[in-house]
Each structure stands twice: as structure tokens, then as C-alpha cells.
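Notes to accompany the following structure.
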Amino acid sequence: MAYKYLVIVESPTKAKTIDKYLGRNYKVVASKGHLRDLPKSKMGIDFENNFDPQYITIRGRGDTVKELKKLAKKAEKVYLAADPDREGEAIAWHLSYILGLKEGDKNRVVFNEVTKDAVKDAFKNPREINQDLVDSQQARRILDRIVGYSISPLLWKKIKGGLSAGRVQSTALKLIIDREHEIRAFKPEEYWSIPTKFKKGRSSFEAQFYGENGKKVELTSEEQVKGILDKLDQDKDFKIVDIEEKERRRKPPKPYTTSTLQQDASNRINFRAGKTMMIAQQLYEGIAIGKNTIGLITYMRTDSTRISQTAKASSSNYIKEKFGQEYLGQGTAVTNSANTQDAHEAIRPSDVTLAPDDIKEFLSRDQFRLYSLIWSRFVASQMTDAVYDTIRADITQNDVNFRANGSRIKFEGFLRVYETKSKKDNYLPDLSVDDLVKLAEINPEQHFTQPPARYNEASLVKVLEELGVGRPSTYAPTLETLRKRYYVKMVAKRFEPTELGEIVNSVMVEFFPDIVDTDFTAGMERGLDEVEDGKQNWVKLLDEFYTGFDKEIKQAEVNMEDIEIKDEPAGFDCDVCGHPMVIKIGRYGKFYACSAFPDCRNTKAIVKKIGVTCPTCKEGEVVERKSKKNRIFYGCTRYPECDFVSWDKPIARSCPKCDHFLTEKVTRKGSQVKCSNCDYAEELVN
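Under full-length UniProt numbering, think of the first position of the sequence shown as 1, with each following residue one higher.
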């Protein structure tokens with residue numbers, strides 16, 4: 001079929017979606033991402049000529065380039081409709097160069113949501129390619145290339161092959177290792193609490209020791225607790241001496257940015273950052289809902305919490321109709337941070353009337369869970385405050401003070417659609433000043449202060465954003481690289497540095513302190529943002545960085561000593577040649593290898609037995625293994641004869657309901673025993 005206009009997007013899915021919105025005069029095709037980039041085999045930057053990048057066609061993309069050139073020749077006009085961000089602008093710029101399009105032509109089309117109205121409106125208002133956006137992306141790409149291709153060869157030479165260093169990657173690794181050092185240096189301190197239970201008539205309620213003579217007291221020893229208990233007559237009444245009732249309002253959350261979506265998806269539905277972005281991309285590019293294909297959410301790479309007036313009006317109508325006027329709020333105020341690039345809206349549903357349950361049958365399980373999160377957060381952001389009635393009761397006997405706190409929801413507000421942990425009521429009985437209550441239970445408890453927790457994905461993403469290190473769109477690949485290089489491993493879903501990671505970090509701290517310094521890295525981000533805003537020249541920015549960095553590289557080449565990662569004795573001999581086996585560190589972690597390498601290439605995986613017989617074959621033992629992404633799973637020692645596999649740790653008991661094997665599933669609160677087949681579960685084990 002003949003066409004007048006050629007439209008090029010990145011993704012085949014996005015191409016299929018918008019092809020249905022445009023008329024027969026348009027042909028929509030996908031470039032499938034970048035077609036030009038810096039060469040992999042060399043630096044590809046002309047330092048003597050203003051950091052001029054030496055772009056080449058990416059290997060394997062030649063046929064796509066030929067096809068696009070062929071299609072472009074047949075079109076009256078070519079529109080470049082890549083994603084509305086720096087990366088999309090750069091893709092459009094490269095396409096313009098490859099296809100020989102006229103410079104300054106208004107052929108760039110951007111839309112924040114893949115819906116019929118948004119796409120059609122965008123094609124009515126094409127613009128020129130924004131060179132400031134292109135320069136910002138190009139400067140970031142060149143900066144990362146300089147850092148990676150300068151430091152990585154040094155690490156290969158001085159430590160071992162296959163290592164890498166990166167601007168954001170190295171800073172994130174240092175944060176993880178700094179936290180580990182805090183944990184190792186932590187000295188626990190003893191403290192005590194005195195939980196109590198009082199009764200008034202048939203009603204009981206809980207309280208805690210507060211202090212003495214109306215002043216708060218911290219309990220730090222058992223002797224101190226005994227002194228408090230000695231003052232009490234547990235058989236006599238206690239007196240309510242003060243009641244304070246208040247109304248507390250809780251504001252709704254702002255709609256999601258890329259970072260807050262990654263954090264919430266990790267905490268609420270256990271998605272890794274990479275998975276969150278992959279599923280969000282699917283929702284953005286278009287899902288078949290009946291006979292129509294619709295982009296369900298706005299663009300998912302954004303630092304902004306702003307929403308359009310159209311979206312605000314639509315959500316207002318929906319809330320009034322679905323929940324009532326009393327649930328309609330003013331919308332959360334937008335106070336974006338200094339690091340925010342307010343080029344887009346927040347992440348929100350493109351059509352708020354498409355409630356998750358109404359379209360559940362058209363979505364995969366993961367798509368439904370993420371869309372539900374985005375939809376409920378957005379709707380909640382436009383609703384009223386939640387209102388609580390709170391009550392505080394002070395209870396005294398012999399100048400020893402206890403305090404009870406209660407609350408109940410007076411008006412749900414945004415909690416109607418956005419569940420939180422604090423939604424549950426905590427009732428107190430009807431209490432008044434001078435009421436007498438009886439002591440039902442008193443149980444002093446010893447505690448010790450805990451070290452700071454290791455970072456999980458959500459907490460690390462949060463701190464990176466707060467520090468202004470990198471951009472949210474880069475966090476997922478950055479964290480994945482740390483795992484792939486075996487700089488970190490995941491233990492109970494938290495980052496734990498490996499020996500290799502600590503070695504690399506120590507080298508970076510000693511020889512490249514600026515690269516791992518959060519303030520320096522955040523300053524570079526601000527400079528790149530200024531390039532995007534047209535306030536900074538990208539060549540000048542790179543020159544200022546490279547002047548100092550080049551000196552550090554030259555000093556490191558001279559002063560960095562070779563670091564030998566010694567093999568550990570495995571304690572047994574090779575079953576092929578008889579030489580001792582050793583433990584080596586490889587790309588995916590530690591493994592057994594013959595010490596006679598390369599004459600003998602015998603290797604074995606290091607497996608950890610968990611004391612459970614394989615539930616499938618009943619012959620082998622279940623062992624702990626690691627995937628290529630360094631994720632722990634469990635399999636049978638008789639693999640491949642037995643194909644048993646489980647992500648959750650099996651335990652040596654069968655389900656009392658269906659007789660399938662039980663597993664220990666790690667949660668944020670501890671661990672939970674669950675059946676591998678049915679809905680049987682046991683209480684949390686703390």
C-alpha cells in the first residue's frame with residue numbers, strides 16, 4: 001500500500017500501537033533502538049578535536065539501516081517519533097543523520113502517552129530536534145565512555161580480567177561497602193522496654209513504660225528495670241491522670257516518578273528495578289484491550305510529579321462519580337527537588353477510567369500488579385486527606401508513668417484506594433481522667449540496638465536519588481552490572497559486597513577519589529542538566545572533567561600495584577588428574593577449579609547442601625545454586641537426571657493439606673513457611 005509519510009519509533013510494539021491511530025497515509029516502523037554508537041573495540045573519541053565522537057553503525061544493524069533508507073526514499077516526509085527524553089532525542093538525531101534529513105526540519109514528534117488523542121495531537125505540532133537534549137545525552141555517553149574505557153583496562157591489568165568501573169556504578173558500590181563498614185564497626189548497646197496490658201472492666205489495652213514523675217526515662221539496664229518494678233504494687237489500681245484527644249490528618253502521596261515507582265514496586269510487589277522498568281515499558285507502549293490497543297500509562301522515565309490539567313480534570317470527574325464529592329482533594333502540591341528535570345508529567349494512567357479490575361483479563365499477572373500500583377497511587381494523589389482520631393492516655397502509680405496510644409480512622413480519604421500499613425485501627429476503651437484500671441500483664445524485655453540495615457534495591461535507589469547520583473532511568477542497569485560483575489551478592493534480598501567488590505572499591509577510592517565521591521558525581525549530573533537546559537557548553541564540561549581525570553589515570557598507571565587474588569585450597573583433589581582443587585573467583589562467583597590449569601580444565605560448581613532430600617526423585621539432595629544473574633535457587637544434585645528446581649528454600653517437611661514440599665519464603669518481616677502447591681502457610685518466624 002502506498003504511503004506519504006514514514007514514522008520511525010524505537011519499539012515494534014509501539015509501532016503496532018500508533019499504526020492503528022494514524023491513517024493509511026502513514027507507515028510506522030521501528031528502528032529497534034540505537035543504530036549508531038561509539039565502537040566497542042576502542043575509545044572512539046577524538047580528544048584533540050573537542051571530544052569529537054567517532055560514531056559507527058552498530059554491528060548487526062546494517063540491514064535495518066538499509067531498509068529505513070529504502071522506505072525513507074519513498075516518503076514525502078519522515079517523522080521521528082522516538083521516546084520523549086534525552087535518549088529518544090539522540091536516537092532521532094542519529095536517524096536524521098543516517099537518512100540524510102534536512103537540518104532544522106520540523107520532523108520530531110513527541111507524545112507522553114501512547115493514546116489516540118495524544119498521538120494525533122503530536123503529529124499536528126512537530127518540532128525541530130532539540131540539540132541541547134542531544135548534546136546532553138552525547139556528553140553523558142562520552143563521559144561514561146571515558147571513565148569506563150580508561151579505568152577498566154587498568155583493573156584488568158592490575159587485578160583480573162572481566163572487571164569494570166563506571167561513573168554511577170562505582171559510586172553505588174562505594175555506598176554499599178561504606179554501609180558494610182558501618183555494620184562491622186557497630187557496637188550494640190543494651191536497652192529495655194516494659195510492655196504492659198491494663199484492664200478496665202472487660203476491656204483490655206496495651207501501654208508502655210514512659211518514665212517517672214512525668215519525665216521520660218530511657219531504660220539501659222536490668223537493674224534499672226528492677227528498680228521500677230519494685231516501686232509498683234501490681235495488685236493495686238493504676239490511675240488515668242491525663243487524656244489527650246486529637247485529630248490527625250495524613251496527606252495523600254504524590255504520583256510516581258521513575259525512582260519512587262522503582263522503590264514502591266520493590267517494597268510492595270517485590271519487583272527488581274529492571275523488571276519494573278520492563279513491565280512499565282510494556283504498559284506505556286500499548287496493550288490489546290479487546291479490539292483496541294492502548295498505551296495504559298504515561299512515559300515511565302520522569303523525575304517530575306506534575307500532572308496535566310486534562311489529567312487532573314479527568315481524575316476529578318472519576319473520583320466524584322466513583323467515590324463521592326467528599327473524596328475529591330486538591331491534588332498533591334508539586335515541589336520538585338533541585339535535581340528534577342520537569343520535562344514530563346508524573347507516571348500516571350493514560351485513562352483513569354480504566355480501573356485495574358476492569359481490564360484485568362487483558363493483562364498478565366505482572367502487568368496487572370504494576371498497573372494497579374500506578375493507577376491507585378495516581379488516583380490517591382488527587383483525593384482528600386485521611387483523617388484519624390487519636391487518643392493518648394497517661395497512667396500512673398507511685399510516680400511511675402505508663403502511656404497508651406490509640407487511633408481510629410475517622411475518614412478514609414485516599415486510603416480508600418491506596419492501602420498502607422497504618423490503615424488498621426488501634427482502639428482504646430472509653431477512658432476518662434481519674435478512671436482506675438488494673439494491671440493485667442507486665443513483661444520487661446531486653447533489647448540491643450541494631451546496626452544499620454544493608455541496602456536493598458528500594459533503599460539504594462532512594463539514597464542515589466537523594467544524593468543526585470545518576471538518573472533514575474540508569475539505576476536498574478547499574479544495579480544489574482554490580483551483580484553481574486560479582487561485586488555484590490544478594491543475601492535475603494539485600495546487597496552484600498563480595499571480596500572482589502571490596503578490592504575494586506579500595507582501588508577506586510585510592511586512585512580515583514572523585515569518581516566515587518557522591519558530591520563530585522552529583523555535580524557532574526547538575527552540569528549535564530545545564531547542558532540540557534542550554535546553560536552549559538558540553539565540550540567545556542567534558543574538558544574541565546578530563547583535565548583532572550587524565551592526570552589520575554597516568555598516576556594510577558605508574559603507582560597502582562598488581563593485586564593477586566589468591567586461590568583458596570578446596571581441601572580435596574581433582575577427580576580427573578589428582579592435583580589439588582582450589583577455589584577461584586569467576587564472573588558468577590566462586591567455583592572449584594583444578595590447580596593444574598591450564599593442563600587440566602576440570603571445574604565444579606560450589607554447592608551448599610541444605611539437609612533436604614529432593615522431593616521429586618527422593619534420591620538426590622537439594623543444594624543451593626546460583627543463576628547467571630547471581631540469584632540463589634535450589635536444585636537437585638542429580639541434575640540433569642532430575643529437574644527439580646525452586647526459587648524458595650525447601651524444608652524437610654511436607655504440607656499437611658496436600659503433601660507437597662514446604663518452602664521457607666523470605667519476606668521483609670522475616671521468613672514464612674509456605675506450601676509449594678497450595679495456599680497453606682504458617683505464621684511468620686522472626
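In this text, a Cβ means the ideal position worked out from N, Cα and C, and glycines have one as well. Source: prediction; values computed, not measured.
| Item | Value |
| --- | --- |
| What's the C-alpha gap between Arg145 and Asp599? | 37 Å |
| Taking Val28 and Ile18 to be in contact with their CB atoms under 8 Å, please state how far apart those CB atoms are, rounded to whole angstroms. | 6 Å |
| State the CB to CB distance for the pair Ala386 and Glu419, rounded to an integer number of angstroms; the pair is presumed to be in contact (CB under 8 Å). | Rounded, the Cβ-Cβ distance is 11 Å, inconsistent with contact. |
| Can you tell me the Cα-Cα spacing of Phe661 and Cys636, whole angstroms? | 14 Å |
| Specify whether the segment 531-541 and the segment 584-593 touch according to this definition: at least 3 beta carbon pairs, one from each stretch, less than 8 Å apart. | no |
| Roughly how many angstroms separate the alpha carbons of Ile176 and Asp358, rounded to a whole number? | 42 Å |
| Secondary structure at Ser646, three-state DSSP: helix, strand or coil? | strand |
| What are the complete alpha helix (DSSP H) segments, minimum 4 residues, inside the segment 256-281? | 258-269 |
| Report all residues from its chain with a CB closer than 6 Å to the CB of Arg140; omit the five preceding and five following residues, and keep chain order. | Leu528 |
| First and last residue of the beta strand (DSSP E) that includes Gly406? | Val400 to Phe411 |
| State the start and end residues of the unbroken beta strand (DSSP E) segment that holds Tyr634. | Ile632 to Cys636 |
| My assumption, with CB atoms under 8 Å, is that Val622 sits in contact with Ile610. Please give the rounded CB distance. | 6 Å |
| State the Cα-Cα distance for the pair Ile515 and Lys554, rounded to the nearest angstrom. | 15 Å |
| The ligand HEM and Arg249: does any heavy atom of the ligand fall closer than 6 Å to the residue's C-beta? | Among the components of this structure there are no ligands whatsoever, and the ligand HEM is therefore not found. |
| With Ile240 as the anchor, note down where its alpha helix (DSSP H) starts and where it stops. | Counting along the chain, Ile240 falls outside any alpha helix (DSSP H), though it belongs to the beta strand (DSSP E) covering Phe238 to Arg250. |
| Between the C-alpha atoms of Ser376 and Phe111, what's the straight-line distance to the nearest angstrom? | 23 Å |
| Which residue comes first and which comes last in the alpha helix (DSSP H) that contains Thr481? | Pro472 to Lys484 |
| For Pro497, write down the residues that DSSP places opposite it in a beta bridge. | Val488 |
| Taking C-beta to C-beta, are Asp399 and Glu212 nearer than 7 Å? | yes |
| Helix, strand or coil for Leu95, going by three-state DSSP, please let me know. | helix |
| When you compare each of Asp37, Tyr327, Glu345 and Phe633 to Thr258 by their alpha carbons, which one comes out closest? | Glu345 |
| Less than 7 Å separating the beta-carbons of Phe520 and Phe209? | no |
| Alpha carbon to alpha carbon, what distance is there between Gln263 and Gln367? | 17 Å |
| In the DSSP assignment, what are the bridge partners of Asp389? | Glu247 and Arg408 |
| Using only alpha-carbon positions, find the residue among Cys658, Cys655 and Ile651 that is nearest to Lys665. | Ile651 |
| Compare the Cα-Cα distances from Ile289 to each of Ile228, Ser315, Lys312 and Asp351 and report the closest residue. | Asp351 |
| Among the residues of its own chain, which have a CB less than 6 Å from the CB of Thr335, if the five just before and after it don't count? | Confidence at Thr335 is low in this model, with a pLDDT of 41, below 50, so the placement of that residue should be treated as unreliable; the coordinate-derived value is given next. So the list is empty, once near-sequence residues are dropped. |
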